[in-house]
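**Student:** Going by our numbering, the sequence shown opens with residue 1206, and the numbers climb by one from there.
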Amino acid sequence: MWAQQKVVPEVPTLCKPAVSVPEYVITMEETLEFAERVHAGKPQLPLALRLIRNTGVRKRHIVQPIEEALRHPGFEERNRIYESESKKRCPEVIEQALANAEVTARDIDAIIYVSCTGFLMPSLTAWLINSMGFRYDTRQIPIAQLGCAAGGAAINRAQEFCLAHPRSNVLIVSCELCSLCYQPGDDTIGALLSDGLFGDAVAAAVVRGNRGTGMALERNSSYLIPDTEEWISYAVRGTGFHFQLDRRVPGTMEPLAPVLRALAADHGWDAQNLDFYIIHAGGPRILDDLAKFLDVDGEMFRYS
């Protein structure tokens, strides 16, 4: 008699990431000083300064000295800097991520590259394949227009790739050089707040389709809160990317909470009683509101 055996797919593993920040540092105090000097007399300035203080961001790292970052040499020159800095800074982080996952470049089957602060065509993935020893049949998956959500989306796509192609390995690379988007002539609240919130960094991690040490990726989901696509956005103008932020963004935590509860419940978990949480923090208000609407002790969000 033959018994039918159920084949259970292996759960992809997110291995230990590697992160690198640039050498130039700007503190919150320096940010406030520069904002008061550069945007002096603007009616939105007092509110912007208060919002920057409330972010809790004590320091940020940037790829250029602050004096150069405050200048605007033109969109073309800024994009040239983005290309040169990304090519300079990504390889070392990628090598560390590969080492953390105990794989080599030849073991990688797909590269997911996320960035929204510069534009390259072809994507940096092509340069990485030619420069770092990846196989020429490595799949390239650049994700360019998801902003802050891109890192989470990249992990989701990597998990799905590994489930579709068992035993595959996916490299995720994120390179965001937000200081190259500073607009000295933009005095809107969203632009001024972004100047005190975002910094520059490169991160990479490998998702292994089998074996590997790290976090098991068991389930993913995505949910768009209706009619909010313009609340966090770029306006693309002759001077480059202008960050736009709507004051209603913190209010999205109330409709998001039941979605998170449902996702956890579908997996047999209770969203109010997990061992730890990692929340992409858009500031303390986001964390406080989500803790409130999820009915979770705010201390549980300390890693965020």
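Note that CB positions come from ideal geometry on N, CA and C, so glycine has one too. These figures come from a predicted structure and were not determined experimentally.
#1: Taking all protein chains shown into account, do 16 or more other C-beta atoms lie within 10 angstroms of the C-beta of G1261, making it buried, or fewer, making it exposed?
#2: Once you ignore the five residues that flank A1421 on each side, which residues in its own chain have a CB closer than 7 Å to its CB?
#3: Whether or not the stretch 1395-1409 and the stretch 1372-1381 are in contact is what I'm after, with contact meaning three or more pairs of Cβ atoms, one per stretch, closer than 8 Å; do they touch?
#4: Keeping to the same chain, check which residues put their C-beta closer than 6 Å to that of V1166; ignore five residues upstream and five downstream.
#5: For the beta strand (DSSP E) that contains K1293, what are its first and last residues?
#6: To the nearest whole angstrom, what separates the beta carbons of I1348 and L1333, a pair I think is in contact under 8 Å?
#7: The beta strand (DSSP E) spanning M1183 covers which residue range?
#8: Using the Cα positions of R1263 and G1395, report the straight-line distance between them to the nearest angstrom.
#9: Just to confirm my understanding: we take Y1439, look at its own chain, exclude 5 residues before and 5 after, and list those with CB closer than 6 Å. What are they?
#10: Identify, in the order they occur along the chain, each residue of the same chain with its Cβ nearer than 8 Å to the Cβ of W1436, setting aside the five sequence neighbours on each side.
#11: Once the 5 residues before and after L1492 are set aside, which same chain residues still bring their CB inside 7 Å of it?
#12: Rounded to whole angstroms, what's the CA-CA distance from R1490 to A1496? Just pull it up for me.
#13: For L1468, I'd like the list of residues in its chain whose CB is within less than 7 Å of its CB, leaving aside the five on either flank, ordered along the chain.
**Tutor:** Reading from the atomic positions:
#1: For this step, residue 1261 is matched to residue 56 along the sequence shown. Answer is exposed; the Cβ neighbour count stays below 16.
#2: Numbered from its first residue, the sequence shown carries residue 1421 at position 216. Within its own chain, the residues whose Cβ lies closer than 7 Å to the Cβ of A1421, once the five positions on either side in sequence are excluded, are V1216 and T1218, listed in chain order.
#3: Result yes; three or more Cβ-Cβ pairs closer than 8 Å.
#4: Not covered by the structure: residue 1166. The range shown for the chain is 1206 to 1509.
#5: The count along the sequence shown starts at 1 and reaches residue 1293 at position 88. Run containing K1293: none in the beta strand (DSSP E); it sits in the alpha helix (DSSP H), F1280 to A1306.
#6: Locating residue 1348 in the sequence shown gives position 143, counting from the first residue. Locating residue 1333 in the sequence shown gives position 128, counting from the first residue. Taking a contact as a CB-CB distance under 8 Å, the pair I1348 and L1333 does not count as one, their CB atoms being some 15 Å apart.
#7: The shown model of the chain, from 1206 to 1509, leaves out residue 1183, and the question about it has no answer.
#8: Your numbering for residue 1263 matches position 58 in the sequence shown. Your numbering for residue 1395 matches position 190 in the sequence shown. If you take the alpha carbons of R1263 and G1395, they lie about 19 Å apart.
#9: Counting from one through the sequence shown, the residue named residue 1439 turns up at place 234. Non-local C-beta neighbours of Y1439 in its own chain, meaning closer than 6 Å and more than five positions away in sequence, comprise F1446, ordered along the chain.
#10: Start at 1 with the first residue of the sequence shown, and residue 1436 comes out as number 231. Contacts found: L1450, D1451, R1453, V1454 and T1457.
#11: Sequence index remark: in the sequence shown, residue 1492 carries index 287 (1-based). The residues are I1484, A1486, G1503, F1506 and S1509.
#12: Within the sequence shown, the letter at position 285 stands for residue 1490. Within the sequence shown, the letter at position 291 stands for residue 1496. So the alpha carbons of these two residues sit roughly 10 Å apart.
#13: Position 263 of the sequence shown, counted from the start, is the residue given in the question as residue 1468. Cβ within range, chain order: S1426.
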